[in-house]
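Input: a single structure, listed below in structure tokens.
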């Protein structure tokens, strides 16, 4: 059994923020970095499945894209109990489609039974990498998963996913498959400092980026939205308020 | 007629032979039992031997012989045990003397000393101590059967009614008292029948036997009737006595062996300085997860427990509806040890246990371990030296190693790692409290100062505590103390991180603090946080640092004594003082805060639980970072404490000298419904008031409401 978990080191904003000189990104001096919250649930879920169903030699492999500094987040996953980590060396910011293109050949080579991604990243909040990766790998995929019952011998998993409006859907999927994991599916374990220090000794495999093609979008400028004149409080029932909002938006777009 | 008696009067040779055979059997069973125990203890991890054996021996002898630990907080029970102990010891010694006379002195040396004056003295001595034994047993039976204090009841907070599984212990307790009483009684009857038989005048030296013997004669029990009764009684007493000796390693009586051994092996720094985890430890060698992880001396301690329940009565968790009783934790572990390594395992008596099976979950539930405040009340009062606190800490370490913990605690530990403080605040905000001052506080990293003030997390970030911190800064400046702080280089000292069981993070914090402090020039370290005080003073030794660390109560006293602080306005307040666990029980600092309070004129009224019996506020051991585990209807430890203070009557101020106490008790005054009846003051705030300087210090009007995660 092999499960690949794609993780991201996300940027966390402090109290104050400034942009880089070219105004295309946030100045890294104002950022802290951490393992994406969704990815810690994905990692925990993979470890959990390995512990429940796995045998000797089964692996949880963590894959990430970024410069050497993203290894901190990867080491957090190793400290939780992941067996190996592979970093695709790519230091420039990348959009979800580009990330999926960079990760796809690495995952392909590992030929895992399951691929997990977090539903989204807390800094990008685009929720696109997982789906794009499934498409590139030609794998069935289920998004926003909150429960997994997998029968590896049958090559089939019953998964529960969250839909909008509090609805749940239980569906079956043939494995190998790609699942994007929602928070709350489990309780990610604490990566203790002893384990983190030991993970620092572990080698993280670094691979060169493959052909990445055209980016899906380019950031032209980042700026703080101009401060408005003051808020307007809308009164009335929901329908009235909706109507009023539509009027305001239409007016502004003119 | 020579005053003496014959041990085997009226017994035929084969009966005497049979008697010696019984002695051999009894001794053999006893020895086999002791060997079994030692084999059990050897299964533990690590060595059976202890350091400094001689000094430990003397210390143990003093503690056991004077009953200095046993008599604490219950002098009546202490007296009961004292009478039983010396009664039993003297009667046992009497038997040994008799054996020496009959089997060695007389036949081998031809020395017959068991007569005349020696015999009379012997008789009197044994009679008096026999009576003492009975009196002691009566006291204990009264305690257990009639008075039934909380500590002796087998109710436990972590199981449902009738689920305590302690029925065998109740039987064992009474059987132990019963058999000793039976032995004492049959001993006296035996003596009385003997005296009734011939009524020799010298036997008046056995006053009790003489009196009862006379009564027997009055009833016509004399001559051969008495001799027959004596014969029967002789065998009954003898066989039961030999049976008792044989049973010692297998029953409650085992404490006669295990408890002194436990006292001897007790680490005097137990709980105060936790043992490090070896750098090369594998995950299943971190902390305790199976019974085989326990070192031999802890396995001895499990058998040493006499179920006196003093820990149970002192524990703030047990007494506030948390699922933890230190007594029951130890008894559960003893059950595991017996079922996995002990005699029960050997004889296949259920419940059996796999020695390699995890003890975490069953029977030791994680919520039980997380309930502990590591306040040391149990370790401090245990009369047999059991080290509950480090044992709990070791099991927590295993849970931390497995990554299993409450999510609030997990978030706190993660933010301590990321930010260096438990508030998850940026380091640059650590010294923001100084902005309210009308003077600058030295950055000790840049310029030397006499005093390096290690502020601590709660004192730095919590709004109510910032007021105290600012007041202390003003007091120090007023007294002309040259001090500086570390600004953003200070990290959480790691006291509670270590007590949670996160040794790796503790080491990390310690390294960072040592690196920051070692680059500064100062004479001593000051802190008003007892947790930081304890850890900086006692737990940074691995780095070979030689710091002199003082608590602000000590420094304030010094400043008053030197005249650098002159309390001009006498404060005629009626106050009570709460000893912080890490200052009092951990470090023995009891008097300095009280002396400061006396120097400013306040009238100190002690709460029933003070000094070493202080009752934890409920925040210790990392509990302040965890979600609530107690039964909803039970009052919090801090609320019970405020009730205790209010019950003293007419108390103006509840005085504390620990930032976590400020937070906990400001909250408890509100939630216990005593708002308006009593107010909280930190020691420094009263000192400042007594200095009668113009600028008022706002107190108690903000903060203290929320528990920070």
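Chains as they are written, first to last, in our numbering: chain A, 1 to 254; chain B, 1001 to 1709. Yeah, the Cβ is synthetic: ideal placement off N, Cα and C, and Gly gets one too.
The beta strand (DSSP E) spanning residue i covers which residue range?
i, result
"residue 1292/B", "Looking at the DSSP string, residue 1292/B is not in any beta strand (DSSP E), and its letter there is neither H nor E."
"residue 260/A", "The structure shown does not extend to residue 260/A, since chain A is modelled only from 1 to 254, so the question has no answer here."
"residue 1231/B", "Unbroken run through residue 1231/B is the alpha helix (DSSP H), 1223-1247; no beta strand (DSSP E)."
"residue 117/A", "114-118"
"residue 1111/B", "Looking at the DSSP string, residue 1111/B is not in any beta strand (DSSP E), and its letter there is neither H nor E."
"residue 1451/B", "1451-1453"
List the residues that DSSP assigns as beta-bridge partners of residue i.
i, result
"residue 1030/B", "Beta-bridge pairing links residue 1030/B to no other residue."
"residue 141/A", "178/A"
"residue 170/A", "160/A"
"residue 88/A", "65/A, 207/A"
"residue 34/A", "10/A"
"residue 1574/B", "1603/B"
"residue 1675/B", "1678/B"
"residue 149/A", "158/A"
"residue 1584/B", "According to DSSP, residue 1584/B bridges with nothing at all."
"residue 255/A", "This structure cannot speak to residue 255/A, because chain A is shown only from 1 to 254."
"residue 1653/B", "1575/B, 1679/B"
"residue 19/A", "26/A"
"residue 1527/B", "1551/B"
"residue 941/B", "Not covered by the structure: residue 941/B. The range shown for chain B is 1001 to 1709."
"residue 1195/B", "According to DSSP, residue 1195/B bridges with nothing at all."
"residue 1155/B", "Residue 1155/B is not bridged to any residue."
"residue 59/A", "2/A"
"residue 1364/B", "1360/B"
Of the residues the options, which one's Cα is nearest the Cα of residue i?
i, options, result
"residue 1428/B", "1461/B, 1411/B, 1450/B, 1410/B", "1461/B"
"residue 1642/B", "1149/B, 1284/B, 1679/B, 1445/B", "1679/B"
"residue 111/A", "230/A, 246/A, 1/A", "1/A"
"residue 25/A", "175/A, 219/A, 40/A", "219/A"
"residue 1070/B", "1647/B, 1382/B, 1475/B", "1382/B"
"residue 155/A", "148/A, 173/A, 248/A", "173/A"
"residue 1650/B", "1185/B, 1606/B, 1611/B", "1606/B"
"residue 1043/B", "1627/B, 1525/B, 1298/B", "1298/B"
"residue 212/A", "106/A, 227/A, 234/A", "106/A"
"residue 1476/B", "1499/B, 1451/B, 1463/B", "1451/B"
"residue 1469/B", "1657/B, 1300/B, 1081/B", "1657/B"
"residue 53/A", "150/A, 217/A, 240/A", "150/A"
"residue 1320/B", "1153/B, 1632/B, 1216/B, 1335/B", "1632/B"
"residue 1011/B", "1205/B, 1544/B, 1235/B", "1235/B"
"residue 1024/B", "1480/B, 1242/B, 1205/B, 1123/B", "1242/B"
"residue 1200/B", "1214/B, 1551/B, 1020/B, 1608/B", "1214/B"
"residue 1416/B", "1492/B, 1595/B, 1329/B", "1492/B"
Contact check, residue i vs residue j under 8 Å by CB: the rounded distance?
i, j, result
"residue 139/A", "residue 117/A", "Contact flag wrong, Cβ pair sits at about 11 Å."
"residue 1559/B", "residue 1565/B", "4 Å"
"residue 1308/B", "residue 1151/B", "7 Å"
"residue 1397/B", "residue 1503/B", "6 Å"
"residue 1290/B", "residue 1357/B", "6 Å"
"residue 1125/B", "residue 1086/B", "Rounded, the Cβ-Cβ distance is 11 Å, inconsistent with contact."
"residue 72/A", "residue 209/A", "Going by Cβ atoms, the distance from residue 72/A to residue 209/A rounds to 20 Å, so no, they are not a contact pair."
Could you pull the start and end residues of the alpha helix (DSSP H) that residue i belongs to?
i, result
"residue 1557/B", "1552-1561"
"residue 1484/B", "That residue, residue 1484/B, is in no alpha helix (DSSP H); its beta strand (DSSP E) goes 1483-1485."
"residue 1065/B", "1053-1066"
"residue 1329/B", "1326-1341"
"residue 1625/B", "Premise fails: residue 1625/B is in no alpha helix (DSSP H) and is neither H nor E."
"residue 1433/B", "From DSSP, residue 1433/B is part of no alpha helix (DSSP H); its letter is neither H nor E."
"residue 1517/B", "1503-1518"
"residue 1396/B", "1388-1401"
Should residue i be flagged as near chain C, meaning a C-beta pair shorter than 8 Å?
i, result
"residue 187/A", "Checking the listed chains, one finds no chain C in this structure; the protein chains it contains are A and B."
Stretch pair the region 1306-1321 of chain B + the region 1620-1639 of chain B: three plus CB contacts closer than 8 Å: yes
Three or more C-beta pairs below 8 Å linking the region 186-202 of chain A and the region 124-131 of chain A: no
At least 3 beta-carbon pairs within less than 8 Å: the region 1131-1150 of chain B vs the region 1181-1197 of chain B: yes
Validate contact between the region 1522-1535 of chain B and the region 1574-1591 of chain B using beta carbons, cut 8 Å, 3 pairs: yes
Meets three-Cβ-pair contact criterion under 8 Å: the region 1346-1353 of chain B and the region 1401-1411 of chain B: no
contact_flag[the region 1040-1055 of chain B, the region 1361-1380 of chain B] where n(CB pairs < 8 Å) is 3 or more: no
Cβ contact (3+ pairs, closer than 8 Å) linking the region 1431-1446 of chain B and the region 1541-1551 of chain B: no
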